[in-house]
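Residue numbers (full-length UniProt numbering): 1 to 245.
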């Protein structure tokens, strides 16, 4: 044995104090400490959970859970998002109404010009004493009525395609895009799709036939939602949620 030798026992092959586990190796009664960013033995890591996140001992909020009624909600794929305020949604609705109003105005001008052109053609029918005068007038009148009905059909088609297709496929109309509002499926976080988009569109349209009172109630129905999600009746029926992008 030489001086300064920390191993007084020459038969100890590890060159360490007796009853001391080898360095860099966990011994009996000496559990190894988990490395930083790794879950410990008491908190096994969840499948697919990123490293450094708490394990089963720290449950996360389920999708669709409103956080402390503060306007934020957990949505699949998107994570934590903010529910769009009613002021922002109303502003988007006003922009959409202006866009559709401009289209209606253009089409109405075209329709009126066509009807006036048809009305002037009555002068070509000749005198009221002519045998074919009445049939000529009836034909012109029928053309004017057909033109007006055609314009109404086009108006309805524009409203359908604008609101239904844009919400279904993009999640936003032009007004919603301008104010950062988007409609998503609550259970997936994706765009509503054609089915849910149609349900969401048709419910207010049905209310229009009740002297517009039904449609107004549908658009105001988010104020009656006590869940904090500001879901209108049309959103609940379609399973959609209006969020801020």
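For each residue, glycine too, the CB sits at the ideal point set by N, CA and C. These numbers were taken from a predicted model, which means no experiment stands behind them.
Below 8 Å, too few C-beta pairs join the stretch 149 to 156 and the stretch 189 to 198 to call them touching: fewer than three.
The UniProt domain "RDD" (83 to 239) is shown to contain whole alpha helix (DSSP H) runs of 4 or more residues at 86 to 120, 133 to 159, 166 to 169, 174 to 178, 193 to 208, 213 to 220 and 233 to 238, in chain order. By the C-beta density criterion, residue 241 is buried, having at least 16 other C-beta atoms within 10 angstroms. Fewer than three beta-carbon pairs drawn from the stretch 73 to 92 and the stretch 135 to 149 are found closer than 8 Å, and the two stretches are therefore not classed as touching. When the alpha-carbon of residue 181 is set against those of 227, 245 and 113, the nearest one is in 245.
Around the Cβ of residue 132, a 10 Å sphere holds fewer than 16 other Cβ atoms; the residue is exposed. Residue 77 carries a coil assignment under DSSP once its states are collapsed to helix, strand and coil.
One thing to note: residue 199 has its Cβ no nearer than 9 Å to the Cβ of residue 207. Contact annotation: residue 235 and residue 183 have beta-carbon atoms nearer than 9 Å.
The alpha-carbon separation between residue 91 and residue 149 amounts to approximately 31 Å.
Straight-line spacing of the CA atoms in residue 121 and residue 107 works out to 21 Å. Distances from the alpha-carbon of residue 203 to those of 170, 188, 160 and 179 put 160 closest. Annotation for residue 80: 67, 72, 73 and 74 place their beta carbon closer than 8 Å to its own, counting only its chain and skipping 5 residues before and after. For residue 95 and residue 134, the gap between their C-alpha atoms comes out near 47 Å.
Excluding sequence positions up to five before and after residue 119, its CB lies within less than 8 Å of the CB of 140 and 144, all in the same chain and listed in chain order.
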